[in-house]
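Novice: Chains as they are written, first to last, in the numbering used here: chain R, 1006 to 1386; chain A, 1006 to 1386.
One structure is given below, represented as structure tokens, and several questions about it will come after.
2 protein chains.
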Amino acid sequence: MQAVAIIGIGQTKIDEQWDKSIRQIAVEAIHAALKDAGRETADGIFVGNMMSGIINSQNNLGPLVAHWAGLKVPAVKVDAACGSGGAALRSGLMAVASGELESALVVGVEKMTDRSPHEVTAALATAADADYEVEMGVTFIGLSALMMRRYMHEYGWKHADFAPFAINAHANALHNPYARLHHKITLDDFEKSVMIATPINLLDASPIGDGAAALYIVPADSVRGRTRILIAGSASATDTIAFHSRREPLFLAAAYQSATEAYRQAGVGPEDIDVFELHDAFTIMSALSLEACGFAERGQSPRLGLDGSLTPTGSIPVMTRGGLKARGHPVGATGVYQVVEVVQQLLGECGETQVPEARIGMAQNIGGSGATIITHILKRE
Amino acid sequence: MQAVAIIGIGQTKIDEQWDKSIRQIAVEAIHAALKDAGRETADGIFVGNMMSGIINSQNNLGPLVAHWAGLKVPAVKVDAACGSGGAALRSGLMAVASGELESALVVGVEKMTDRSPHEVTAALATAADADYEVEMGVTFIGLSALMMRRYMHEYGWKHADFAPFAINAHANALHNPYARLHHKITLDDFEKSVMIATPINLLDASPIGDGAAALYIVPADSVRGRTRILIAGSASATDTIAFHSRREPLFLAAAYQSATEAYRQAGVGPEDIDVFELHDAFTIMSALSLEACGFAERGQSPRLGLDGSLTPTGSIPVMTRGGLKARGHPVGATGVYQVVEVVQQLLGECGETQVPEARIGMAQNIGGSGATIITHILKRE
């Protein structure tokens, strides 16, 4: 495989965008990425999206987005539930790395707020096992609640110990103009927030939203001689879709596998990662992701939050632009937002939440309750 | 890009498979392809599917299928509406061609018959433009009816002139054990069949169904020294998703572009194609596909049916295993069935519908009313 570099990024604010259709949102991010890359077109478009068929009555997003962007180029949609953005990047990466395309746009997009909360809850549940989980009445947040309760039981943490994940995310989102939520929260807010699915309360959970993010990628050799953001590692792994089928319910085996492979490709280890945009759909997922990727022993990652390690100046900064928790979680777009944010960190564009001297960053995107996990490692050269 | 070869195929019968879930159907085809390839696993799985989120309340098909197949490997779903199967093959092809994977399984699967006809009609309509076409009340078959009526008006054909497309498909499906429909039809049947959307009647239209087809692909160099089926050309193109936005409503520009590029890659032209599995969702689509790919002048392809050119012993055999019309059209699986059937032809396994001395075959898969079109050319060496 030839090396691939990111030369342009784009994103929209995550919000309830009732005045825009899904194609308009996607194209806003695409045009921003084209402008950032200084290009007018690309050889192909890879769209990451999970639920447009269900929520927007619209499949065939490839030509929908390509035509609206004014680009009559090959375009396809890639789906891995909430991991769709990362999966779309991997598809685009392989198309460019193979030499099949000389450039590609990767766009993650989701428009979720047009429907009622119960319709969105049902749509999110399609990421779980329809026949063996959802059929029993469990929702997606319900599955995460089972994980969190088990984790607290096994390792002796109390609910408040998860607060730093959310507090850090909200503090960082304050400085991200594209974030959905712009308010600080305190430990007291966290503990008093509304219960959703015991022990997950409102401030453990990420908000849905409408939004799109885009990347422009090219062969790395074509941009020699100036600062480059290289995709140094890219790996995907799967686990059972049903949470109950796993031998170790509190270990994200697919996160471990995809991170290990991405580390190998990039020639780095967890100690080399300067910034880590992880998939904090719920606070428990932050904890499990950090452990599977080698940043904490099993059962010990809440300590990283409590001792301040996760803030932009800590030892392993996470959710530096707000994470899923406060930047927002437009599901199929999230994986691309994460990579866009890592690029911003590596280029030193993050102002108050800039990680000092960030040179190597990682993004990890999760589809389902750990069923599909995609890890990317970027390097600034 | 390094060359890629197909070393295994698998397929299920297309039917109303009410006793099997979508994962079971997919895995039946995967296991058949593994057995055919003489392999036990693959480095990755690419699932082509359009509507599982809507019809089966199940997204995240990658890990669903991988786990059920007993393969804990990276897996992702690729969607291009009814072109999903071809798009999944292209994704798998680029993964192997780039060197990222040393082998890949491509599986197209759809399970459509669990819901009522009006629910399936609504799901199929998500392949069209939700905001500018479906919003007006038009269905997917309605769009094709507009095309067919316009074509008959422009070029002076009558409805019966389209009969040979359907008659040939049904005649060939009689000899395909995996086909959904196993009955001959006559011109009289064709003309007397129930009207669906004027001028499209029941025998112009392909039946839906439940089914899966799979391919096992590897770098061509790894199978030197024996008969190989090479993917000699692979190309994708898009057009406007909305039919009314096209300058030339009766010319499939994306078919022309993708076929032209596939011909270029394979170093062949239409005159070299021994067998062509085209996307006959409706008889009008056969006509338009043949013209865009260079087998007939614009407006003249019904003549190919009337003069017998499309039968297995004709000059350009199409739908040799029954086509969408009689083999059946499980939408996201169709593109993989087409390629499986071309492989069968090139290996001389088609018995009564074998194309004599077939060495070069083409498959063309269409998503939407010509919005995404993917063309593959295979060569036996």
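Each residue gets a CB set at the ideal place from its N, CA and C atoms; glycine is no exception.
Over what stretch of residues does the alpha helix (DSSP H) that includes Y1156/A continue unbroken?
Specialist: That run of the alpha helix (DSSP H) goes F1145 to Y1160.
Novice: Using a C-beta cutoff of 8 Å, does H1284/R count as contacting chain A?
Specialist: Cβ-Cβ to chain A under 8 Å: no for H1284/R.
Novice: What does the alpha-carbon distance come out to for the pair V1336/A and V1199/A?
Specialist: Spanning the two alpha carbons is a distance of roughly 22 Å.
Novice: Is it true that the CB of V1273/R sits closer than 8 Å to the CB of V1347/R?
Specialist: Not in contact: V1347/R and V1273/R (Cβ atoms no closer than 8 Å).
Novice: Exposed or buried, what is Q1007/R when buried is set at 16 or more other beta-carbons lying within 10 Å of its beta-carbon?
Specialist: Exposed: under 16 other Cβ atoms inside 10 Å.
Novice: Anything in chain A within Cβ reach of P1322/R, meaning under 7 Å, just list it in chain order.
Specialist: By Cβ distance, chain A contributes nothing, its closest Cβ being about 28 Å from P1322/R, past 7 Å.
Novice: Once the 5 residues before and after R1251/R are set aside, which same chain residues still bring their CB inside 6 Å of it?
Specialist: These residues qualify, in order along the chain: T1245.
Novice: For G1353/A, which option in Y1221/A, A1218/A and R1326/A has the closest C-alpha, if you only look at C-alpha atoms?
Specialist: Nearest option by C-alpha distance: R1326/A.
Novice: Alpha helix (DSSP H) containing L1192/A: first to last residue?
Specialist: Element bounds for L1192/A: L1192 to K1197.
Novice: Within the continuous alpha helix (DSSP H) that includes I994/A, where are the two ends?
Specialist: Residue 994/A is absent from the structure shown; chain A starts at 1006 and stops at 1386.
Novice: Any residues in the region 1013-1028 of chain A with a beta carbon nearer than 9 Å to a beta carbon of chain D? Which ones, in chain order?
Specialist: Absent from the structure: chain D. Protein chains present are R and A.
Novice: To the nearest angstrom, how far is it from the Cα of A1456/A to the Cα of V1228/A?
Specialist: The displayed coordinates of chain A run from 1006 to 1386. Any statement about residue 1456/A would go beyond what the structure contains.
Novice: In chain R, what lies closer than 7 Å to S1405/A by C-beta?
Specialist: The question about residue 1405/A has no answer here: the residues shown for chain A are numbered 1006 through 1386.
Novice: Are any of the Cβ atoms in chain A nearer than 8 Å to that of G1272/R?
Specialist: Output row for G1272/R: interface = no.
Novice: How is V1390/A classed by DSSP in three states: helix, strand or coil?
Specialist: Here chain A covers residues 1006 to 1386 and nothing more, so residue 1390/A does not appear.
Novice: Using the DSSP secondary-structure output, state which residues sit across from A1218/R in a beta bridge.
Specialist: Answer is Q1016/R and G1113/R.
Novice: Indicate whether D1277/R and N1064/A have their beta-carbon atoms separated by less than 8 Å.
Specialist: Not a contact, by the Cβ cut-off of 8 Å.
Novice: Short of 8 Å in beta carbon distance, which residues of its chain neighbour A1286/R, apart from the five on each side in sequence? Order them along the chain.
Specialist: Once the five neighbours on either side are set aside, the close Cβ partners of A1286/R are C1087, S1149, A1210, S1211, L1329, H1334 and I1371.
Novice: Have a look at V1345/A and N1181/A and give me their C-alpha separation to the nearest angstrom.
Specialist: One C-alpha to the other measures close to 12 Å.
Novice: In the DSSP output, which residue or residues are listed as bridge partners for K1384/R?
Specialist: Paired residue(s): L1235/R and I1365/R.
Novice: Quick one: measure Cβ to Cβ for I1382/R and R1095/R, integer angstroms, because I've assumed they're closer than 8 Å.
Specialist: No, I1382/R and R1095/R are not in contact; Cβ-Cβ is about 13 Å, not under 8 Å.
Novice: Spatial neighbours of Q1262/R within its chain, please: CB distance less than 6 Å, with the 5 preceding and 5 following residues excluded, ordered by chain position.
Specialist: Once the five neighbours on either side are set aside, the close Cβ partners of Q1262/R are A1242.
Novice: Does the distance from the CB of L1293/A to the CB of L1309/A come in under 8 Å?
Specialist: Cβ distance not < 8 Å, so L1293/A and L1309/A don't count as in contact.
Novice: For I1146/R, which option in F1248/R, A1271/R, A1031/R and G1015/R has the closest C-alpha, if you only look at C-alpha atoms?
Specialist: Ranking the options by Cα distance to I1146/R, first place goes to F1248/R.
Novice: Alpha carbon to alpha carbon, how far is A1368/A from G1058/A? Give it in angstroms, no decimals.
Specialist: Taking the straight line joining both Cα atoms gives about 27 Å.
Novice: Give every residue of the same chain whose Cβ lies closer than 7 Å to the Cβ of I1205/R, excluding the five residues on either side of it in the sequence, and list them in chain order.
Specialist: Once the five neighbours on either side are set aside, the close Cβ partners of I1205/R are I1146, S1149, A1150, M1153 and F1287.
Novice: On the three-state DSSP scale, how would you describe S1314/A?
Specialist: Looking at S1314/A - three-state DSSP - the assignment turns out to be coil, as it is neither helix nor strand.
Novice: Quick check on I1371/R - is its C-beta less than 8 Å from some C-beta in chain A?
Specialist: Answer no: the Cβ-Cβ gap between I1371/R and chain A never drops below 8 Å.
Novice: If we call anything under 8 Å between Cβ atoms a contact, is L958/R one with I1201/R?
Specialist: The structure shown does not extend to residue 958/R, since chain R is modelled only from 1006 to 1386, so the question has no answer here.
Novice: Quick one, which residues of the region 1283-1309 of chain A are near chain R if we go by CB-CB under 9 Å, in chain order?
Specialist: Cβ contacts with chain R: none found.
Novice: So the beta strand (DSSP E) F1281/R belongs to, where does it begin and stop?
Specialist: Here the beta strand (DSSP E) through F1281/R covers V1280 to E1282.
Novice: By the 7 Å beta-carbon criterion, what residues does the region 1055-1075 of chain A contribute toward chain R?
Specialist: Within the region 1055-1075 of chain A, the residues whose Cβ lies closer than 7 Å to some Cβ of chain R are M1055, M1056, G1058, I1059, N1061, S1062, Q1063, N1064, N1065, G1067, P1068, L1069, A1071 and H1072, listed in chain order.
Novice: Going by the C-beta, is A1260/R closer than 7 Å to any heavy atom of the ligand PLP?
Specialist: Annotation note on the ligand PLP: not contained in the displayed structure, which lists no ligands.
Novice: Strictly below 8 Å CB to CB, what residues from chain R border T1243/A?
Specialist: G1067, P1068, A1071, H1072, K1077, V1078, P1079 and A1080, listed in chain order.
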